[in-house]
Amino acid sequence: MKLIDTHSHLYDVAFDTDRDEAFARAVETGVGRLLLPAIDSESHAQLFDLCRQHSDRCIPMMGLHPTSINENPRWREELALVERYLAAPPEGIARWCAVGEIGLDLYWSRTAQSEQTEAFRRQVDLALYYGLPIAVHVRDAWPETLEVIRAYRGRGLRGVFHAFSDTVETYRELRETGDFRFGVGGVVTFKKSKVADVVREMSLGDIVLETDCPYLTPVPHRGERNESAYVRLVCEKVAELKGLAPEEVAAATTATAEALFGLKPVKAPTETLLGPMTTDATTDRN
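See below:
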């Protein structure tokens, strides 16, 4: 079974003590690639180091996370850094697979809504300019996000709505508005999960699998740290909901991810261990 974790933070501080082992477990489980979204400059070095060490398996995105704008007087400098990296990736980084993780997050506060929206629109414009998909984070901001996305209708915008959590109606509208896919992660395994009801209605070709590790851990590991190996549990749950074999879901979602992010198919993964890394502490981004 060949899988892709389309949203992994393996470079996060949560993996500092056992990153090698977590990577090996993912490989052993069949995860051929990990797509790594950027957050902000505090973790760029760790993201880049991981992708340089495993350029065939760990593919970076570049973007500014919406919560990195909150209470940050230097957020425009962060956004300018994203623009520079998109124009000229740092040494050892061959390419970006998406502009991400971008979007709106009004869960913690709405005081920076206008700033988040400005940064979101600017990064969508950059994605269109560079011909890249977007990886969108939405938390307590679906009406506001839809307002932004509607403005780009008919302009060729494409991407993935990471950890999709809204209704079937929103899913259908987004599919009509742009060339979008929908990231399904550990929440789909939760008891009485509303996401599970939406997944039943989704076309299999619209789904990509993710973990968002170290966050949003699937059952039966809920309450523990998430890791990319657990994307297989998400695959098995989607298969159950769709009445399909896990191998069929794995093949379809992997093909969708490869097409969306411009990835060449790879052979079955072989075990490779990472070198030691250290990072500064980060907060839960969801």
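Each number in the working numbering comes from the position in the sequence shown (counting from 1) with 15 added on. Cβ atoms here follow ideal geometry from the backbone N, Cα and C, with glycine treated the same way.
- In this structure, the straight-line span from the alpha carbon of R89 to that of R125 is close to 18 angstroms.
- Check the Cα spacing between M16 and each of A274, F276, L248, K279: the tightest is with L248.
- Of the candidates A53, E191, S70, R136, E191 places its Cα closest to the Cα of D221.
- Per DSSP, the continuous alpha helix (DSSP H) segment holding E184 begins and ends at 183 to 192.
- For H236, no beta strand (DSSP E) segment is defined, and its DSSP state is neither H nor E.
- Our two residues, Y186 and V175, have alpha carbons roughly 11 angstroms apart in a direct line.
- According to the DSSP assignment, H24 belongs to no alpha helix (DSSP H), since it is labelled neither H nor E.
- Selection T44, H24, D33 evaluated against A244 yields T44 as nearest (Cα-Cα).
- Going by DSSP, L141 is part of the alpha helix (DSSP H) stretching over 128 to 145.
- Bounds of the beta strand (DSSP E) holding D120 are 114 to 120.
- Taking C-beta atoms as the reference points, L141 and L101 count as a pair closer than 8 angstroms.
- The three-state secondary structure of L51, taken from DSSP, is strand.
- In the pairwise beta carbon analysis, the stretch 57 to 64 is classified as touching the stretch 21 to 33: at least three pairs are separated by under 8 angstroms.
- Looking at V213, V151, T204, R165, the one whose alpha-carbon comes closest to that of D181 is V213.
- P261 has no beta-bridge partner at all, per DSSP.
- In the three-state scheme derived from DSSP, where H, G and I count as helix and E and B as strand, R168 is classed as coil.
- Straight through space, the alpha carbons of C112 and A254 are spaced by roughly 26 angstroms.
- P81 sits in a helix when the DSSP states are folded into three classes.
- Here the stretch 198 to 206 makes contact with the stretch 232 to 242; the two share three or more CB pairs at distances below 8 angstroms.
- Looking at the backbone, the Cα of K207 and that of I164 are separated by about 29 angstroms.
- Around P105, the same chain offers F63 as residues with beta carbons nearer than 7 angstroms, after the five sequence neighbours per side are excluded.
- Ranked by Cα distance from A156, the first of G193, D194, I117 is I117.
- Excluding the 5 residues flanking it on each side, L143 has same chain C-beta neighbours closer than 8 angstroms at Y167, R170, G171, L172, in chain order.
- A267 sits buried, since 16 or more C-beta atoms from the chains shown fall within 10 Å of its C-beta.
- Beta-bridge partners of R173 (DSSP): D194.
- C-alpha of L275 to C-alpha of P148: approximately 7 angstroms in a straight line.
- In this chain, C66 is not harboured by any beta strand (DSSP E); it is covered by the alpha helix (DSSP H) spanning 59 to 68.
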